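At position 13 of the sequence shown the residue is numbered 13 (the UniProt record's numbering), and the sequence of numbers has no breaks.
Below is one structure, written out as structure tokens, with a few remarks after it.
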Amino acid sequence: MKQMNVNRKDINGGLQDFIFGHLQKNSLKIKEDFNFIDKNFRRKIISQRGDGALEREGLLQDLKWSTTEMEFIRSILVWHLATEICYCVDKDANNVSSEYKTSRFLSEYMMYLLVIRPDTLSQGIGDEGYLHSLRDLDSIISKEEAPTKSPATSREEVVDAILFYYESFVIDDIRFQFRWKETKSAVAGGDRLAKQLRLLGFKKRWEIIEEVWMEMLAYAPAHCPWKEHAQQLRRGGELLTHVCFLMLHLGLSEQYEYNSFKDYNSLNDYIRGHDLLLPWEVKEVKRMVAYKDEELERKDRELEQLRSFLVASTP
């Protein structure tokens with residue numbers, strides 16, 4: 001049975017704005033592209049778990065191994081370790097950004113879910129991968145492995161021990177490939193990912209880390225059983241639960257349906273060219289577009305009310 005100390009943290013306004021902004025942007029992307037009834041397009045959006053952010057920055061080819069090429073839970077472990085390494089290395093930077101702080105919060109929250117609330121995450125290596133990683137870390141920070149020849153105690157000392165242990169491992173080193181395939185530990189992967197991220201500039205590095213964690217946060221509730229969210233509501237609801245309901249409200253769910261095929265087809269013809277429509281049809285489509293704009297404004301007002309409710313209900 002797990003017995004751990006968990007510190008409760010309030011969600012600041014900046015983080016709330018970031019989460020709302022990200023989800024609203026994805027929702028608008030579906031609406032603006034008129035992909036209401038394209039379930040494959042919607043599924044692609046809600047199934048991104050870091051790969052979308054990496055693709056937008058042209059980094060997917062190099063970093064895909066840390067997202068879609070492994071189980072979701074192992075990916076959380078790898079990105080958490082890489083985030084911690086980058087955090088400690090950049091800790092004394094004079095230009096600490098909001099992305100730097102947000103990334104750390106989301107990283108710790110996703111690890112909290114993995115360890116304390118594993119049922120809220122999709123199935124994967126779970127405890128096994130986490131425990132293997134702990135044992136690996138314990139070995140690395142022992143007297144024999146640590147650079148100071150004494151057990152590491154602080155977060156910074158643990159990171160120093162990891163960097164020292166893997167110092168001679170280059171990104172494509174055959175030893176890494178062997179270790180990665182033979183163990184469920186995520187430590188070697190975290191070091192490798194941190195090395196790749198540290199090749200980027202400070203600002204870009206933390207913008208990417210922040211976006212990857214946001215995609216992971218949005219991916220988790222979309223693949224969590226509804227009964228888990230219902231149970232969490234009895235205790236006020238996890239952040240993950242509120243994100244889940246917000247996504248459902250914004251149409252970021254595979255359960256979302258758009259039934260007006262006639263409207264959709266008319267809009268599609270409108271996009272392809274006015275010459276495909278009769279004058280009265282053009283007028284009707286313009287009226288329909290105006291109506292959709294009003295509907296989006298109404299949704300924005302409802303979203304703001306929901307946001308205010310969540311803020312007021314936060315302990």
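A virtual CB, placed ideally from N, CA and C, is assigned to each residue, including glycine.
As the structure is a computational prediction, the values presented were derived from the model and not from experiment.
Pairwise C-beta distances place the region 127 to 140 out of contact with the region 48 to 62, as fewer than three of them are shorter than 8 Å.
With respect to the 8 Å criterion, Asp191 and Ile162 are classified as neighbours on the basis of their beta carbons. In the structure shown, Ala218 adopts helical secondary structure according to DSSP, grouped into three states. Taking Ser75 as reference, the option from Leu199, Ser107, Gly21 and Arg56 with the minimal CA-CA separation is Ser107. Annotation for Val78: the continuous alpha helix (DSSP H) segment containing it runs Phe72 to Val89. One thing to note: Cys86 has its Cβ no nearer than 8 Å to the Cβ of Glu156. Put simply, the backbone Cα of Leu250 is about 10 Å away from that of Ile30.
Taking 8 Å as the cut-off, the Cβ atoms of Val243 and Ile19 count as close.
Between Leu248 and Phe164, the alpha-carbon positions lie close to 45 Å from each other. Within the model, the alpha-carbon separation for Leu114 versus Arg287 is close to 48 Å. Of the residues assessed, Glu99 falls on the buried side of the cut-off, its CB having 16 or more other CB atoms within 10 angstroms.
Thr102 carries a helical assignment under DSSP once its states are collapsed to helix, strand and coil.
Segment contact: the region 176 to 185 against the region 127 to 136, three or more CB-CB distances shorter than 8 Å; contact assigned. Counting along the chain, His223 sits inside no alpha helix (DSSP H), nor does DSSP assign it H or E at all. In the DSSP assignment, Leu54 falls within the alpha helix (DSSP H) that extends over Asp51 to Arg56. Cβ neighbours of Lys203 within its own chain (closer than 7 Å, five residues either side excluded): Ser97. One Cα belongs to Val158, the other to Leu81, and the distance between them is close to 11 Å. A check of alpha carbon separations from Ser103 across Ala220, Arg205 and Phe41 identifies Arg205 as the nearest. If you draw a 10 Å sphere on the C-beta of Glu69, you find fewer than 16 other C-beta atoms in it, and that means exposed. Distance from the CA of Ala222 to the CA of Gly50, rounded to the nearest whole angstrom, comes to 14 Å. Leaving aside the five residues that flank Phe176 on each side, the residues in its chain whose CB is nearer than 7 Å to its CB run, in chain order, Phe169, Ala188 and Arg192. Classified as buried, Ser27 has 16 or more neighbouring CB atoms from the shown chains inside 10 Å of its CB. Between Gly129 and Leu77, the gap from beta carbon to beta carbon is short of 8 Å.
Phe245 and Ile174 have their C-alpha atoms spaced approximately 45 Å apart.
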